[in-house]
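The structure under discussion appears below in the form of structure tokens.
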Amino acid sequence: MDNCEKYRKISIHYLGMIESILNSESELIENWIIEDCMEYDNALTNRKINPPCMDCANCLDFSYYKKILYEFLQSEESKNDLEIKLHSWKKVIINDKLISNYKEQTDPYKFARKSFSINNNDVYIYLDTNIYNNFISKDNSFKCSIKTSKDNIHVHYMYSPSHLEELLRMKINTHQESLLTMIREITSDLIVSRFDGKKLSLAFENPEYGLARIKGDEFITEEYENYKLLLADDRRLFYPEHTSQEYNRELTVKKILENEHFKLLCSRYQGMEWLDWKNDYSSLNNAVNSFCELFDNLSFKRNKNNRTIKSNTHDIEHVIYAVMANFFVTDDGNLRERASLIYESLGIDTKVLSPVELLEKLGEYH
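When we follow the working numbering, the leftmost residue of the sequence shown carries the number 2, and every step to the right adds one.
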């Protein structure tokens, strides 16, 4: 076993000791941990183990866990201080994984795109995944109206890679197949994506190609979801005053607009009317994620359990891709309020609608 592999196992042990402190009220735990730490220090002093290399993830993890553990044991730090330090490092670890696996652009041969010309006089609509799911589970008039609207050559529906990522997360193959069929039927294979790495664009492509690409990157999707789960804990650790029932009961859009953190974030984008969000994916992605993280910390229309928090990861992507549409349609009332506030704050023209509101709009194009 090489030295770095040893430190991988030791770092796991040290992480376990930290979590034992956080989860236990007994001082006996701390006494046991001190003895364990002394055993390592003696082994290092007596050269029974070599020092960490400080160049690999295993050794860096160990060094950080050792540092924050010793700081806690030798000072007056609270458990909350220790938990915040551990929380911050966990975010660093996932960020490192995401960055190391990030691909600016997938190999062109994996695409089968056919050109699509945008007509500014046409209407472009982006449906949230929950709309397609309702089409499958319910035989409703809304679905019929959507299909009828496709008879108008000036009305276009689009899908995105986020629809396909959500599709792959479904465990029932028959539902996957039904959803894929419905997406193809409604969108006629029109996809909005970040093809060249810098801007959003529309093209025709069979979703099967997108699914093949995403299947090779499922690890990244899973790590991104885990990162969002960690971020969801920021509110509890850094903004505990936003967790009370009284605070949440009195929270309104008006209070968000008056919030100093919200005003500060908005000021970052003031005077940027020259920026075309569609052609600057990086800036758009950063802006939308910043607003969503702020809303989470302020408890504004936030998701409350792990499943919905993971789902919110894809909601954020839908908000980004829907910038290419005139209308973003979702059944999720919380998402509608969040997306509307984001678009308004960034000066984006996309309107966020409920299914009923879309029907009213479609009536204007008959």
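Yeah, the Cβ is synthetic: ideal placement off N, Cα and C, and Gly gets one too.
For N153 and L191, the gap between their C-alpha atoms comes out near 15 Å. Inter-segment contact for the stretch 227-234 and the stretch 135-148 is absent: fewer than three beta-carbon pairs are separated by less than 8 Å. A straight line joining the alpha-carbon of K67 with that of I100 spans about 25 Å. Note that the C-beta distance between C293 and V324 is not below 9 Å. Remark: C-beta atoms of I184 and F328 do not approach each other more closely than 9 Å. In this structure the stretch 206-214 does not lie against the stretch 276-295, because fewer than three pairs of beta carbons, one per stretch, are closer than 8 Å. Under the three-state reduction of DSSP, Y282 is assigned to helix.
A204 sits in a strand when the DSSP states are folded into three classes.
Taking K98 as the centre and dropping the five residues before and after it, the same chain places the C-beta of E224 closer than 8 Å to its C-beta, in chain order.
Burial is judged here by how many other beta carbons sit within 10 angstroms of a residue's own beta carbon; S79 has fewer than 16 and is exposed. Annotation: the continuous alpha helix (DSSP H) that includes L74 extends over 58-74. Between V357 and Y344 a beta carbon distance of about 20 Å is seen, past the 8 Å cut, so the two are scored as non-contacting. Note on G217: under 16 other CB atoms within 10 angstroms of its CB, so exposed under the neighbour-count rule.
Under the criterion of beta carbons closer than 8 Å, D297 and N131 do not qualify as touching, at roughly 20 Å.
In this structure, Y282 is the residue among Y282, N81, L45 with its C-alpha nearest to the C-alpha of E318. Where V353 is concerned, the enclosing beta strand (DSSP E) starts and stops at 352-354. Rounded to whole angstroms, C57 and E361 show a C-alpha spacing of 58 Å.
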